[in-house]
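Number of protein chains: 4
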Amino acid sequence: MIRNPVAPEFGRERLVFFSDAVFAIAITLLALDVRVPDIAGQATDRSVADAIASVAPRIFAYALSFAVVGLFWLAHWRRYLLIERVDEPLVLLNIILLGFVALIPFPTALLGEHGDVPIAVVVYVLILSATGVMGTVTWLYANRRGLIDRDLSRYEVRLGALRGLAVPVVMLASLALLPIASTSLVETSWLAIFPVQALIRRWVRHLDEAPPAA
Amino acid sequence: MIRNPVAPEFGRERLVFFSDAVFAIAITLLALDVRVPDIAGQATDRSVADAIASVAPRIFAYALSFAVVGLFWLAHWRRYLLIERVDEPLVLLNIILLGFVALIPFPTALLGEHGDVPIAVVVYVLILSATGVMGTVTWLYANRRGLIDRDLSRYEVRLGALRGLAVPVVMLASLALLPIASTSLVETSWLAIFPVQALIRRWVRHLDEAPPAA
Amino acid sequence: MIRNPVAPEFGRERLVFFSDAVFAIAITLLALDVRVPDIAGQATDRSVADAIASVAPRIFAYALSFAVVGLFWLAHWRRYLLIERVDEPLVLLNIILLGFVALIPFPTALLGEHGDVPIAVVVYVLILSATGVMGTVTWLYANRRGLIDRDLSRYEVRLGALRGLAVPVVMLASLALLPIASTSLVETSWLAIFPVQALIRRWVRHLDEAPPAA
Amino acid sequence: MIRNPVAPEFGRERLVFFSDAVFAIAITLLALDVRVPDIAGQATDRSVADAIASVAPRIFAYALSFAVVGLFWLAHWRRYLLIERVDEPLVLLNIILLGFVALIPFPTALLGEHGDVPIAVVVYVLILSATGVMGTVTWLYANRRGLIDRDLSRYEVRLGALRGLAVPVVMLASLALLPIASTSLVETSWLAIFPVQALIRRWVRHLDEAPPAA
Numbered sequence: 000m001i002r003n004p005v006a007p008e009f010g011r012e013r014l015v016f017f018s019d020a021v022f023a024i025a026i027t028l029l030a031l032d033v034r035v036p037d038i039a040g041q042a043t044d045r046s047v048a049d050a051i052a053s054v055a056p057r058i059f060a061y062a063l064s065f066a067v068v069g070l071f072w073l074a075h076w077r078r079y080l081l082i083e084r085v086d087e088p089l090v091l092l093n094i095i096l097l098g099f100v101a102l103i104p105f106p107t108a109l110l111g112e113h114g115d116v117p118i119a120v121v122v123y124v125l126i127l128s129a130t131g132v133m134g135t136v137t138w139l140y141a142n143r144r145g146l147i148d149r150d151l152s153r154y155e156v157r158l159g160a161l162r163g164l165a166v167p168v169v170m171l172a173s174l175a176l177l178p179i180a181s182t183s184l185v186e187t188s189w190l191a192i193f194p195v196q197a198l199i200r201r202w203v204r205h206l207d208e209a210p211p212a213a
Numbered sequence: 000m001i002r003n004p005v006a007p008e009f010g011r012e013r014l015v016f017f018s019d020a021v022f023a024i025a026i027t028l029l030a031l032d033v034r035v036p037d038i039a040g041q042a043t044d045r046s047v048a049d050a051i052a053s054v055a056p057r058i059f060a061y062a063l064s065f066a067v068v069g070l071f072w073l074a075h076w077r078r079y080l081l082i083e084r085v086d087e088p089l090v091l092l093n094i095i096l097l098g099f100v101a102l103i104p105f106p107t108a109l110l111g112e113h114g115d116v117p118i119a120v121v122v123y124v125l126i127l128s129a130t131g132v133m134g135t136v137t138w139l140y141a142n143r144r145g146l147i148d149r150d151l152s153r154y155e156v157r158l159g160a161l162r163g164l165a166v167p168v169v170m171l172a173s174l175a176l177l178p179i180a181s182t183s184l185v186e187t188s189w190l191a192i193f194p195v196q197a198l199i200r201r202w203v204r205h206l207d208e209a210p211p212a213a
Numbered sequence: 000m001i002r003n004p005v006a007p008e009f010g011r012e013r014l015v016f017f018s019d020a021v022f023a024i025a026i027t028l029l030a031l032d033v034r035v036p037d038i039a040g041q042a043t044d045r046s047v048a049d050a051i052a053s054v055a056p057r058i059f060a061y062a063l064s065f066a067v068v069g070l071f072w073l074a075h076w077r078r079y080l081l082i083e084r085v086d087e088p089l090v091l092l093n094i095i096l097l098g099f100v101a102l103i104p105f106p107t108a109l110l111g112e113h114g115d116v117p118i119a120v121v122v123y124v125l126i127l128s129a130t131g132v133m134g135t136v137t138w139l140y141a142n143r144r145g146l147i148d149r150d151l152s153r154y155e156v157r158l159g160a161l162r163g164l165a166v167p168v169v170m171l172a173s174l175a176l177l178p179i180a181s182t183s184l185v186e187t188s189w190l191a192i193f194p195v196q197a198l199i200r201r202w203v204r205h206l207d208e209a210p211p212a213a
Numbered sequence: 000m001i002r003n004p005v006a007p008e009f010g011r012e013r014l015v016f017f018s019d020a021v022f023a024i025a026i027t028l029l030a031l032d033v034r035v036p037d038i039a040g041q042a043t044d045r046s047v048a049d050a051i052a053s054v055a056p057r058i059f060a061y062a063l064s065f066a067v068v069g070l071f072w073l074a075h076w077r078r079y080l081l082i083e084r085v086d087e088p089l090v091l092l093n094i095i096l097l098g099f100v101a102l103i104p105f106p107t108a109l110l111g112e113h114g115d116v117p118i119a120v121v122v123y124v125l126i127l128s129a130t131g132v133m134g135t136v137t138w139l140y141a142n143r144r145g146l147i148d149r150d151l152s153r154y155e156v157r158l159g160a161l162r163g164l165a166v167p168v169v170m171l172a173s174l175a176l177l178p179i180a181s182t183s184l185v186e187t188s189w190l191a192i193f194p195v196q197a198l199i200r201r202w203v204r205h206l207d208e209a210p211p212a213a
């Protein structure tokens, strides 16, 4: 599309560093909601301790979102070790992904304030799942357009696509628990993201080894 | 101007990464206004749902500004694939451009809160149009000073100049609708940015092919 | 100091990009105070226009600080085109410089809210002048330790040291006007930064040419 | 783990720049709490001076945290001059480290508001100490997995591990003073971080020279 790029490598690098900056800012802004409320009257050890205790749900929401966004960033990091070139549609898809990443502080604050209310959990799950799905979409696009390393095994390609789906799969499935379980049980069930990610990896390797060989 | 630069390439790279950081921060701060209002009394599924619904105009303003700033970044990304060297005046022009980019969260918040008030729409249009125009100004300067690749076709040079104008052209033209149409119709008309950008590209290609050949 | 650095170049690059990130964030946060106040009752074109007009002093403070921090960044950009290597004390001095840069949103907000009160002007001047002086200190250190290009002319070395002093010199001198002039006159006098910077450059070139030749 | 990375060097670089961005944002957000309180009635030189004086504890908290986070960043900078390659577990450990770094504005605000209340001091110490310890953990992991330069002397390896511990050691020890001394004395005792860091360096060098030679 661009006939005479000064440095084709430069375009990919810039996409990646721009993404890193958005991830870094979003992940750091998550902590902005972890704030002690104003204390009326003279502050004492007791009243400050109470104020700190009252931010516990926000610290939980912060830690949770930081872990999930950290996983998304790790997936992005891994994918762009393998993507050799970028084109404009990939840049656009990546901008949409970043649009969801930058929005994550919103559902995080919602969960920190109203984590016991089902609708807050639903909004949190939808936005984080959409982010995970967009990551997979960018990878599938890059694969279809031949932007990733041609020597890559099918195992790596599949893993790149499926790995990021652990978050959406576990989170969306957990919504089925919402009518019958407490919101804190639903949130606890998200810990399943880690074993599910390991399972996906094992299953993808199995797929790869089932036929004669790749 | 600088007689013994350690690494001339380094100056361009730094300009670009500094710009990326400002773009990334501005684009992420856009989401800071997407916040649920405080809920008086006990939060229920209903009151939280209402609170979430009440931020819908801010989510709209966020998505709109994210898309526009994303387009501006894409234009910047494209231009610096072709700009080979930078000089101090270009750095200064770029800083002015970034000054407008960093300001965009302000009209975005204004639109999110008062999107139904014409003056808010006017301020939004003026600031975003100025940003688009400054992008074109940096490109024209770089072209005049021979900072871009000399082998570049006239098509690429013209496209670099005109492409970023889709936002100002559509937005400024939409102001003509303001006295006769609702603000939401005016905002909807901004979707024309996408077809106008395609038209500009086709028209520039046509200009390029009209003479014997470039 | 570090006996086996994997990549000596990498240390300088990282110092520079870390600085760029801090500059970019500080410069973008400057705009966070440009916000319309809440409007009581139904928002109308008139009340929104009034609200926008009321942020004019903050837009002025934003533009002013953006220009000054932009100049500081430009000076930093220029210096590290010429600094070849970094050592730990230079990194520490640079961190102190960034500590002032990151603080600049504070005096900017102060000026935006109370720009007509002399003490606000004094605090603004002191913090921005300290930032400018720290920039010169890093350059002098780098020069003394032989971290900059040895082939550099005395003209370049002197210019690197003196150039960044235009902001402190003009701003500190303007404080002498404070007892006898309005704060807005004092603030207007800061426009002298631009001609003073040009004068410094001419004067440094003159110094360089006075002896037989460099 | 990744069989065909396009550029192995790229993975390390990205880890480092992502870290720089998080450090830069956290360090810049520290200053966000340095804000003048609203002034009731007409602002005068006196009332603005009082308002500025009232933010002194926050400026102290800002300067303190900026210095500590600056030291953490310097330690990170130093370590990645020596770490040659990264693997996924190191990236994950680094994300956990960044999770603490991004949280630091919270205890800083707490200390700025309630620095005279012991529990605020305890929370501050715990979060900053955990950050320092995580830095050492990443270094020990990298050393065990052979990710650092093999030619590195034992002195450098030990220094990389122990250097970052000056902050946790001094801060945790200072908690012993809390029942018997004022909080401001405890906070003043943190200045011991600087001589302790020098002592650690000397002690590590001594360890290195005690045996015949390394």
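Which chain is which? The protein sequence lines are U, B, W and H, in order.
For the first sequence, position 161 (counting from the first letter as 1) is numbered 160 according to numbering that gives the first Met the number 0, and the numbering increases by one without interruption.
For the second sequence, position 145 (counting from the first letter as 1) is numbered 144 according to numbering that gives the first Met the number 0, and the numbering increases by one without interruption.
For the third sequence, position 73 (counting from the first letter as 1) is numbered 72 according to numbering that gives the first Met the number 0, and the numbering increases by one without interruption.
For the fourth sequence, position 99 (counting from the first letter as 1) is numbered 98 according to numbering that gives the first Met the number 0, and the numbering increases by one without interruption.
Cβ coordinates follow ideal geometry from the N, Cα and C atoms, glycine included.
Test: residue i CB closer than 8 Å to a CB of chain W
i, result
"Val191(H)", "In the sequence on display, residue 191(H) carries Ala and not Val. So, not an interface residue."
"Ile199(B)", "no"
"Ile94(B)", "yes"
"Pro194(B)", "no"
"Ile219(B)", "Lying before the first or after the last residue shown, residue 219(B) is absent from chain B, which here runs from 0 to 213."
CB contact below 8 Å: residue i versus chain H
i, result
"Thr27(U)", "yes"
"Glu83(W)", "no"
Chain U contact for residue i (CB, 8 Å cutoff)
i, result
"Val67(H)", "no"
"Pro4(B)", "Confidence at Pro4(B) is low in this model, with a pLDDT of 44, below 50, so its placement is unreliable and the value that follows should be read with caution. No, Pro4(B) lies away from the interface with chain U (no Cβ there is under 8 Å from its Cβ)."
"Pro56(H)", "no"
Inter-residue Cα distance where the pair is residue i and residue j
i, j, result
"Arg84(H)", "Ile94(H)", "16 Å"
"Val116(B)", "Val47(W)", "8 Å"
"Met170(W)", "Trp72(W)", "18 Å"
"Leu161(U)", "Val136(B)", "44 Å"
"Asn3(U)", "Ala197(B)", "Its pLDDT being 40, under 50, Asn3(U) is placed unreliably by the model, and the measurement read from it follows with that caveat. If you take the alpha carbons of Asn3(U) and Ala197(B), they lie about 21 Å apart."
"Glu12(B)", "Glu12(U)", "11 Å"
"Pro178(B)", "Ser188(B)", "14 Å"
"Leu158(W)", "Trp138(W)", "10 Å"
"Leu190(B)", "Leu176(B)", "14 Å"
"Ser173(W)", "Glu186(W)", "8 Å"
"Arg144(B)", "Arg201(W)", "24 Å"
"Ser181(W)", "Ala108(W)", "19 Å"
"Phe16(H)", "Phe16(U)", "8 Å"
"Leu91(U)", "Val156(H)", "44 Å"
"Val132(U)", "Arg45(H)", "57 Å"
"Ile192(W)", "Asp19(H)", "32 Å"
"Ile199(B)", "Phe9(B)", "33 Å"
"Tyr123(W)", "Ala74(W)", "20 Å"
"Asn142(W)", "Trp76(W)", "16 Å"
Member of the options whose CA lies at the smallest distance from the CA of residue i
i, options, result
"Phe65(U)", "Leu92(U), Arg13(U), Phe22(U), Asn142(U)", "Phe22(U)"
"Ala62(W)", "Trp76(W), Val33(W), Ala180(W)", "Val33(W)"
"Val68(B)", "Pro106(B), Ala39(B), Val195(B)", "Pro106(B)"
"Val120(U)", "Asp19(B), Ile199(B), Ile51(B)", "Ile51(B)"
"Leu14(U)", "Val35(B), Glu8(B), Leu80(B), Arg143(B)", "Leu80(B)"
"Leu110(H)", "Pro194(H), Ala191(H), Ala55(H)", "Ala55(H)"
Any chain B beta carbon closer than 8 Å to residue i
i, result
"Pro117(U)", "yes"
"Phe71(U)", "no"
Practice task
Assess, as a yes-or-no matter, whether the segment 164 to 175 of chain U is touched by the segment 112 to 132 of chain U under the definition of 3 or more beta carbon pairs within less than 8 Å.
Solution key: These segments touch.
Practice task
Only counting runs of 4 or more residues, tell me where the alpha helix (DSSP H) segments fall wholly within the segment 97 to 167 of chain U, in order along the chain.
Solution key: Listed in chain order, the alpha helix (DSSP H) elements of length 4 or more contained wholly in the segment 97 to 167 of chain U are 104 to 113, 117 to 143, 153 to 162.
Problem - contact_flag[the segment 24 to 31 of chain U, the segment 74 to 90 of chain H] where n(CB pairs < 8 Å) is 3 or more - result: The segment 24 to 31 of chain U, when compared against the segment 74 to 90 of chain H, does not touch it at the 8 Å Cβ threshold.
Practice task
Pick out the complete alpha helix (DSSP H) segments inside the segment 181 to 208 of chain B, 4 residues or longer, and give them in chain order.
Solution key: Listed in chain order, the complete alpha helix (DSSP H) runs (minimum 4 residues) inside the segment 181 to 208 of chain B are 182 to 188, 192 to 208.
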